[in-house]
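Q: Pasting a structure here, questions to come.
Residue numbers (my numbering): 3 to 102.
See below:
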C-alpha cells in the first residue's frame with residue numbers, strides 16, 4: 003500500500019498496538035533489479051511488516067545527478083507496492099529518511 007508521509011506515524015502506532023514487528027528500509031529503487039528483490043525479501047524476514055521509504059524524484063536527482071531518476075517516483079512506488087514482501091511504501095523528500 004502506498005501511503006502519504008503524514009499517515010505513516012499513525013499506521014506504525016496502530017501496528018505497534020497489534021504487537022507487530024516493523025521493519026524499515028529505504029532507497030531510490032530506480033531501475034529495480036534482482037538484488038533489490040532479494041534485499042527486500044530478506045528484510046521482510048526480520049519482522050511482520052515491511053515499510054519501504056522511497057526517495058522522491060527531487061531527492062534522487064540531488065543524490066544521483068540531473069539525469070536521474072529514470073523512472074518516476076509514482077512508477078517506482080507502484081512497482082515496490084506490487085512486490086510480495088513490501089507492505090507499505092512512503093515517499094520522502096529529504097536525502098535521508100531521518101524524519102520517517
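Every residue, glycine too, gets a C-beta built ideally from N, C-alpha and C.
This structure is a prediction, so every number in the text was calculated from the model and none was measured.
Mind checking whether residue 24 and residue 51 have CB atoms under 7 angstroms apart?
A: What you label residue 24 is simply residue 22 of the chain shown in a count that begins at 1. What you label residue 51 is simply residue 49 of the chain shown in a count that begins at 1. Yes; because the gap between Cβ atoms is below 7 angstroms, this pair is in contact.
Q: Please report the straight-line C-alpha distance between residue 101 and residue 15, rounded to a whole angstrom.
A: On the chain shown, residue 101 is found 99 positions in, with the first residue counted as 1. On the chain shown, residue 15 is found 13 positions in, with the first residue counted as 1. Going from the Cα of residue 101 to the Cα of residue 15 covers about 15 angstroms.
Q: Using DSSP's beta-bridge definition, name the partner residues of residue 53.
A: On the chain shown, position 51 is the one that residue 53 refers to. Paired residues: 26 and 90.
Q: Less than 7 angstroms separating the beta-carbons of residue 92 and residue 10?
A: As a working mapping, residue 92 is identified with position 90 in the chain shown. As a working mapping, residue 10 is identified with position 8 in the chain shown. Closer than 7 angstroms, so yes.
Q: Would you say residue 81 and residue 42 are within 7 angstroms of each other, going by their C-beta atoms?
A: Translated into positions along the chain shown, residue 81 becomes position 79. Translated into positions along the chain shown, residue 42 becomes position 40. No, Cβ-Cβ distance for residue 81 and residue 42 is not below 7 angstroms.
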